[in-house]
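Top to bottom, those sequences are chains S and X.
Everything in the first sequence is counted per the working numbering, starting at 21 for the first residue and increasing by one.
Everything in the second sequence is counted per the working numbering, starting at 21 for the first residue and increasing by one.
In this text, a Cβ means the ideal position worked out from N, Cα and C, and glycines have one as well.
What follows is a short report on a single structure.
2 protein chains.
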Amino acid sequence: MSSAGSPRVTMAEVARRSGVSPMTVSYCYNQPDRVAPDTLRRVREVAAELGYRGPDPTARSLRRRHNDAIGVVLGEHLAYAFEDPQARRFLTGVAEVCRERGIGLNLIPTTGEEQDVDRVRSASVDGYIVWTTVDSDPVLDVVTGLGKPVAVHGGPATAGARVVGIDNRASARELAARTFPGARRPTVLSFPFDRDRRARLEIGPDPDRVAFPVTRERLLGVHDHCREAGRDPDRLPVAVVARNDRAEAAAMADVLVDSCDTDAVVAMSDQLAFAVLDAARRRGLRVPEDVAVSGWDDGPDARREGLTTVTQSLLEQGRTCALIALGDRAPVGAAAWAVTVRTSTR
Amino acid sequence: MSSAGSPRVTMAEVARRSGVSPMTVSYCYNQPDRVAPDTLRRVREVAAELGYRGPDPTARSLRRRHNDAIGVVLGEHLAYAFEDPQARRFLTGVAEVCRERGIGLNLIPTTGEEQDVDRVRSASVDGYIVWTTVDSDPVLDVVTGLGKPVAVHGGPATAGARVVGIDNRASARELAARTFPGARRPTVLSFPFDRDRRARLEIGPDPDRVAFPVTRERLLGVHDHCREAGRDPDRLPVAVVARNDRAEAAAMADVLVDSCDTDAVVAMSDQLAFAVLDAARRRGLRVPEDVAVSGWDDGPDARREGLTTVTQSLLEQGRTCALIALGDRAPVGAAAWAVTVRTSTR
DNA sequence: CGCGCATTGTGTAACGATACACAGATAGGC
DNA sequence: GCCTATCTGTGTATCGTTACACAATGCGCG
Numbered sequence: 021m022s023s024a025g026s027p028r029v030t031m032a033e034v035a036r037r038s039g040v041s042p043m044t045v046s047y048c049y050n051q052p053d054r055v056a057p058d059t060l061r062r063v064r065e066v067a068a069e070l071g072y073r074g075p076d077p078t079a080r081s082l083r084r085r086h087n088d089a090i091g092v093v094l095g096e097h098l099a100y101a102f103e104d105p106q107a108r109r110f111l112t113g114v115a116e117v118c119r120e121r122g123i124g125l126n127l128i129p130t131t132g133e134e135q136d137v138d139r140v141r142s143a144s145v146d147g148y149i150v151w152t153t154v155d156s157d158p159v160l161d162v163v164t165g166l167g168k169p170v171a172v173h174g175g176p177a178t179a180g181a182r183v184v185g186i187d188n189r190a191s192a193r194e195l196a197a198r199t200f201p202g203a204r205r206p207t208v209l210s211f212p213f214d215r216d217r218r219a220r221l222e223i224g225p226d227p228d229r230v231a232f233p234v235t236r237e238r239l240l241g242v243h244d245h246c247r248e249a250g251r252d253p254d255r256l257p258v259a260v261v262a263r264n265d266r267a268e269a270a271a272m273a274d275v276l277v278d279s280c281d282t283d284a285v286v287a288m289s290d291q292l293a294f295a296v297l298d299a300a301r302r303r304g305l306r307v308p309e310d311v312a313v314s315g316w317d318d319g320p321d322a323r324r325e326g327l328t329t330v331t332q333s334l335l336e337q338g339r340t341c342a343l344i345a346l347g348d349r350a351p352v353g354a355a356a357w358a359v360t361v362r363t364s365t366r
Numbered sequence: 021m022s023s024a025g026s027p028r029v030t031m032a033e034v035a036r037r038s039g040v041s042p043m044t045v046s047y048c049y050n051q052p053d054r055v056a057p058d059t060l061r062r063v064r065e066v067a068a069e070l071g072y073r074g075p076d077p078t079a080r081s082l083r084r085r086h087n088d089a090i091g092v093v094l095g096e097h098l099a100y101a102f103e104d105p106q107a108r109r110f111l112t113g114v115a116e117v118c119r120e121r122g123i124g125l126n127l128i129p130t131t132g133e134e135q136d137v138d139r140v141r142s143a144s145v146d147g148y149i150v151w152t153t154v155d156s157d158p159v160l161d162v163v164t165g166l167g168k169p170v171a172v173h174g175g176p177a178t179a180g181a182r183v184v185g186i187d188n189r190a191s192a193r194e195l196a197a198r199t200f201p202g203a204r205r206p207t208v209l210s211f212p213f214d215r216d217r218r219a220r221l222e223i224g225p226d227p228d229r230v231a232f233p234v235t236r237e238r239l240l241g242v243h244d245h246c247r248e249a250g251r252d253p254d255r256l257p258v259a260v261v262a263r264n265d266r267a268e269a270a271a272m273a274d275v276l277v278d279s280c281d282t283d284a285v286v287a288m289s290d291q292l293a294f295a296v297l298d299a300a301r302r303r304g305l306r307v308p309e310d311v312a313v314s315g316w317d318d319g320p321d322a323r324r325e326g327l328t329t330v331t332q333s334l335l336e337q338g339r340t341c342a343l344i345a346l347g348d349r350a351p352v353g354a355a356a357w358a359v360t361v362r363t364s365t366r
């Protein structure tokens with residue numbers, strides 16, 4: 021029963037009360053087989069009687085020098101991680117590995133504030149995963165400076181960290197090559213360029229001004245195709261959304277279809293592509309005859325909606341990142357991808 | 021620059037090399053204002069030179085006796101938390117509070133295995149949130165036995181834990197009262213009854229056999245209405261789904277519409293209700309004229325689809341749970357809810 | 001000149017546990 | 001009966017930091 025508010029029950033206390041050394045109590049919890057059955061039983065009794073709650077995780081971590089947990093640094097409010105379908109797939113992969121290995125998962129949202137650094141540094145984890153962030157994010161230096169293994173998903177390339185992801189530029193080039201041919205007015209529906217997520221329409225924006233590596237590479241890939249096809253990338257309309265969300269993207273999809281009179285859209289995710297599909301349907305346009313649309317990720321909805329898209333496994337990439345954060349030393353090549361062509365007939 | 025692989029740089033080391041006591045170095049990191057500017061500068065230089073990475077979070081936690089983190093125990097694979105819309109709203113609320121207070125969020129999936137207990141116990145957190153679980157879940161005893169604040173969402177009532185959630189029974193009663201009147205064959209589309217998530221159809225199942233409190237209460241509420249309306253609850257068909265997922269529920273929705281020839285369905289979530297809507301549409305049935313359908317949660321899609329549903333804020337409930345887990349002592353009443361009536365005309 | 005007070009630094013003692021090496025006891029083999 | 005092997009238990013030394021109380025210093029001021 022115990023009670024006594026203040027003096028927390030400790031292993032030493034249990035040891036004293038059961039007439040054994042602290043080490044023996046420790047063994048009772050960590051290697052019960054090493055302890056004589058009688059002793060084990062008695063220690064357990066005393067522990068129960070005293071209300072001892074088992075070894076303190078923090079003290080144990082200090083002594084053992086590992087935390088059995090990995091941290092996932094998100095460059096966004098945490099809500100984002102739960103809303104964005106890609107982030108969810110990725111985190112699911114991370115979580116799978118965590119379960120298999122019996123370790124914890126620590127979510128660390130960062131929003132560009134001063135205190136982010138402290139939150140990241142003070143997380144009790146053995147390794148970090150950084151989810152897509154901008155170039156030269158100060159948090160990246162903090163994380164890599166901690167001397168723990170770090171996996172960065174979607175770049176940027178960082179000293180002291182392994183980068184996981186597909187070849188975005190190559191996939192963009194190929195996707196554009198599937199989407200743009202024959203089009204009068206090809207356009208792009210893009211993720212935000214930088215932390216300042218403002219929805220807007222730009223004509224021929226310079227990819228070098230894009231702070232998110234994934235977005236930049238995809239834009240570069242589209243440019244690659246344009247040049248090969250004799251189109252001027254500097255006249256390419258690019259609509260930028262504030263968030264990777266089907267509903268949120270509706271306004272910019274409307275702009276592309278109405279103001280730009282587009283007939284071919286490369287969207288940077290399935291969600292954004294769906295927004296274009298929605299806009300097209302509302303206007304009675306046929307896909308792909310009147311408007312060709314394509315995206316990235318090949319999530320479950322992509323199949324249902326018959327969307328041409330870049331197939332990749334965010335789940336698998338999440339698993340890879342988790343392994344890296346756990347200190348796995350096996351080399352990691354670029355993740356697999358392929359353009360999956362479908363004919364939206366719906 | 022430093023390097024030296026093994027001997028980790030410690031605060032004491034920095035102290036020695038800069039000719040001050042460890043305490044002074046500690047102050048440099050925790051209360052820089054308390055240290056003379058010159059000293060501060062010099063210590064920082066030495067630290068940088070040695071490659072000292074700042075106070076070790078684990079050691080600090082041990083000494084300070086708090087971890088600046090809360091744990092969320094999920095009675096499911098972690099993937100679930102990212103896929104289930106309700107869980108996501110809830111976790112978003114939890115995450116909001118975490119950000120505001122600058123603390124970490126630890127996700128702890130449990131799947132009924134032996135090792136769950138260890139994972140829960142070994143998490144370095146200051147408090148716990150338990151997401152909807154079954155009655156007498158052993159993990160509940162473990163969590164409440166840790167002497168840290170515990171919030172349980174959706175029951176069951178547990179000694180040593182505060183329960184957060186709406187009055188499911190009352191809301192179910194009222195929702196049934198909106199949905200069933202005039203129906204020839206009212207039915208229920210239900211969450212799983214217990215951990216063994218088997219999709220199936222039952223006729224008049226006994227609510228007392230349902231292990232999940234939320235599900236049980238809702239079923240009881242429907243029974244309440246039936247009795248008041250002179251219907252025999254023991255003849256009420258209840259279709260049970262394996263997962264709270266629109267697509268997953270399709271099969272059971274078909275069963276209700278086809279085999280049961282239902283014309284009024286109370287579904288336990290918007291997702292399940294949508295599955296019924298889908299089934300009805302495919303058969304050309306009008307809603308609500310031919311089939312009345314209602315659900316719970318009032319998520320964004322519910323409005324779009326014109327679904328009658330129980331409005332509640334899982335986000336707000338998540339926030340409340342987080343506050344409790346952080347040791348907030350303010351009393352918590354039952355969460356707010358209301359039946360929102362809409363006319364599905366789509 | 002002496003007193004009070006603010007500023008800055010230090011020593012000591014935990015926080016709660018475990019790694020490691022070794023000591024006694026018991027048992028078995030020949 | 002001796003030697004080795006196995007089983008149990010113990011002592012010591014950290015793991016890296018911070019709380020607390022106090023010491024030293026310097027300065028303003030009556």
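Per-residue contacts from residue i into chain X (C-beta, under 7 Å)
| i | result |
| --- | --- |
| L82 (chain S) | T78, A79, L82 |
| D342 (chain S) | A small correction: the amino acid at residue 342 (chain S) is Ala; Asp does not occupy that position in the sequence shown. Per Cβ cutoff of 7 Å: no residues; A342 (chain S) is ~11 Å from chain X at best. |
| F102 (chain S) | F102, R108, L111, T112 |
Helix, strand or coil at residue i according to DSSP, with G and I counted as helix
| i | result |
| --- | --- |
| I344 (chain X) | helix |
| N188 (chain X) | helix |
| H173 (chain S) | strand |
| E16 (chain X) | The structure shown does not extend to residue 16 (chain X), since chain X is modelled only from 21 to 366, so the question has no answer here. |
| Y49 (chain X) | helix |
| Y148 (chain X) | strand |
| M21 (chain X) | For M21 (chain X), the predicted model reports a pLDDT of 40, less than 50, meaning its position is unreliable; a value from the coordinates is still stated below. M21 (chain X) falls in the coil class under three-state DSSP. |
| T153 (chain S) | coil |
| V212 (chain S) | Contrary to the premise, residue 212 (chain S) reads as Pro rather than Val in this sequence. In this structure, P212 (chain S) counts as coil in the three-state DSSP scheme. |
| Q135 (chain S) | coil |
| G202 (chain S) | coil |
| V359 (chain S) | strand |
| P351 (chain S) | coil |
| G338 (chain X) | helix |
| R217 (chain S) | coil |
| V230 (chain X) | coil |
| T331 (chain X) | strand |
| G124 (chain S) | strand |
| T207 (chain S) | strand |
Chain S residues whose Cβ lies nearer than 9 Å to that of residue i
| i | result |
| --- | --- |
| L98 (chain X) | L111, T112, V114, A115, E116, C118, R119, L125 |
Residue nearest to residue i in terms of C-alpha spacing, selected from the options
| i | options | result |
| --- | --- | --- |
| N126 (chain X) | X:N87, X:E120, X:R109, X:T153 | X:N87 |
| V361 (chain S) | S:G224, S:A196, S:F232 | S:A196 |
| R182 (chain S) | S:W151, S:R61, S:D252 | S:W151 |
| T153 (chain S) | S:R108, S:Y49, S:T331, S:A177 | S:A177 |
| S279 (chain X) | X:R238, X:E222, X:N264 | X:E222 |
| D318 (chain S) | S:D155, S:A284, S:D290 | S:D290 |
| A190 (chain X) | X:H243, X:A115, X:A79 | X:H243 |
| D161 (chain X) | X:Y72, X:V184, X:V93 | X:V93 |
Residue i: contacting residues in chain S (beta-carbon distance under 7 Å)
| i | result |
| --- | --- |
| R73 (chain X) | G165, L166, G167 |
| F294 (chain X) | Within 7 Å Cβ-Cβ: nothing; F294 (chain X) doesn't reach chain S, min ~14 Å. |
| A143 (chain X) | P77, G124 |
| D88 (chain X) | S142 |
Under 9 Å (Cβ pairs) to chain S, residues found in the segment 121 to 140 of chain X: Of all residues in the segment 121 to 140 of chain X, G122, I123, G124, L125, N126, L127, I128, P129, T131, Q135, D138, R139 have a Cβ within less than 9 Å of some Cβ in chain S.
4-residue-minimum alpha helix (DSSP H) runs that sit fully inside the segment 246 to 321 of chain S, ordered along the chain: Runs of the alpha helix (DSSP H) lying entirely within the segment 246 to 321 of chain S, each at least 4 residues long, are 270 to 278, 290 to 302 in chain order.
Residues of the segment 242 to 260 of chain X with Cβ closer than 8 Å to any Cβ of chain S, in chain order: So nothing in the stretch comes that close.
Start-end ranges of the alpha helix (DSSP H) lying completely within the segment 24 to 111 of chain X, minimum 4 residues: Counting only unbroken stretches of 4 or more residues, the alpha helix (DSSP H) elements lying wholly within the segment 24 to 111 of chain X are 31 to 37, 42 to 50, 57 to 70, 77 to 84, 98 to 103, in sequence order.
Near-chain S residues of the segment 217 to 239 of chain X - C-beta to any C-beta below 8 Å: Going along the segment 217 to 239 of chain X in chain order, one finds no residue with a Cβ nearer than 8 Å to chain S.
Selection of the segment 53 to 73 of chain S by Cβ proximity to chain X, strictly under 7 Å: The segment 53 to 73 of chain S vs chain X, Cβ under 7 Å: R73.
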